[in-house]
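2 protein chains.
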Amino acid sequence: MTESLRQTDARCCAPDSRAVAARLAALSHPARIEILKHLSARNSCCCREVVDHLDLAQSTVSQHLKILVEAGLVRFAPDRQRSRYEVDRAALADVSASVTALVNSCCSGR
Amino acid sequence: MTESLRQTDARCCAPDSRAVAARLAALSHPARIEILKHLSARNSCCCREVVDHLDLAQSTVSQHLKILVEAGLVRFAPDRQRSRYEVDRAALADVSASVTALVNSCCSGR
DNA sequence: TTCGGTCATCGTCCATCGGCGATAGACGAT
DNA sequence: ATCGTCTATCGCCGATGGACGATGACCGAA
Chain R
1 MTESLRQTDA
11 RCCAPDSRAV
21 AARLAALSHP
31 ARIEILKHLS
41 ARNSCCCREV
51 VDHLDLAQST
61 VSQHLKILVE
71 AGLVRFAPDR
81 QRSRYEVDRA
91 ALADVSASVT
101 ALVNSCCSGR
Chain L
1 MTESLRQTDA
11 RCCAPDSRAV
21 AARLAALSHP
31 ARIEILKHLS
41 ARNSCCCREV
51 VDHLDLAQST
61 VSQHLKILVE
71 AGLVRFAPDR
81 QRSRYEVDRA
91 ALADVSASVT
101 ALVNSCCSGR
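This is how it looks when you write it as structure tokens:
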């Protein structure tokens, strides 16, 4: 979903709707939510730790991590042969604020 | 995404992660966000009104509305030949709360 | 150097999404 | 009865998502 939005994108849809949608898309997969929770429970994780926790193939987990990083919700730092992934709590709070704002505008509106 | 989650579903992922993900999935499309905003600006809309507003085919809009209804974010009531769609503000607030809770648990976690 | 562990990426496969047009049902008005 | 309007649904299609295994790079330890 991240970079799709073919026809739709060009026409309707305010830019901020697209922005919110894109960030929510990163959150709208159970495995990624689970990864976020797991990451946030420690300071940082390498990919392997997440793999052990989740029971998904390493390549799959790596993909999910990549998506989270690209969405800006997780920070990434290569560390020797390991990779260190770390939740970006500020970004996460930001998403939360976006959703709250959207919902508020819907609830107050009219 | 709503009812997919093939392999993943069966294995990892706490049930509430799945639940949150499913509801967010309904929100993670710009057209649907736009629809929500539009609905919330009036008391209720028929499908046609949304179509005029969005510049998407009627069938497409109908699909998006259906997804929102199935996610429980929008209420639906047939009204003569029209259909009345109405934002469920409580459900929306609920989603917002879920996200906030998730983010909080991630930020306090550690 | 070689081996073992970690990781990102690639290619493949299948299911789903999201767009559309066409169609059929329901209803109101003529 | 017929016509026009509004919907929902169907079928089709291209694109994407998400899963996997295989591969190759990298690094530390033996």
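Read top to bottom, the protein sequences are chains R and L. First residue of the first sequence: 1, per full-length UniProt numbering; consecutive thereafter. First residue of the second sequence: 1, per full-length UniProt numbering; consecutive thereafter. In this text, a Cβ means the ideal position worked out from N, Cα and C, and glycines have one as well. Being a predicted model, the structure only gives us computed values, none of them experimental.
For R89 of chain L, the closest of R:D79, R:C107, R:A90 by C-alpha to C-alpha distance is R:C107. Closest in C-alpha terms to V87 of chain R, from the list R:D79, R:L39, R:V51, comes R:L39. Chain L has no Cβ within less than 8 angstroms of the Cβ of S44 of chain R.
If you check the CB distance, A91 of chain L and L73 of chain L come in under 8 angstroms.
S105 of chain L sits exposed, since fewer than 16 C-beta atoms from the chains shown fall within 10 Å of its C-beta. Between Q58 of chain R and C47 of chain R, the gap from beta carbon to beta carbon is short of 8 angstroms. DSSP, reduced to helix, strand and coil, places C47 of chain L within a helical segment of the structure shown.
Cα atoms of E70 of chain L and E34 of chain L: separation of roughly 17 angstroms, rounded to the nearest angstrom. In the DSSP assignment, D94 of chain R falls within the unbroken alpha helix (DSSP H) covering 89 to 108. In the three-state scheme derived from DSSP, where H, G and I count as helix and E and B as strand, A31 of chain R is classed as helix. Nearest CB-CB separation between L27 of chain R and chain L: below the 8 angstroms threshold.
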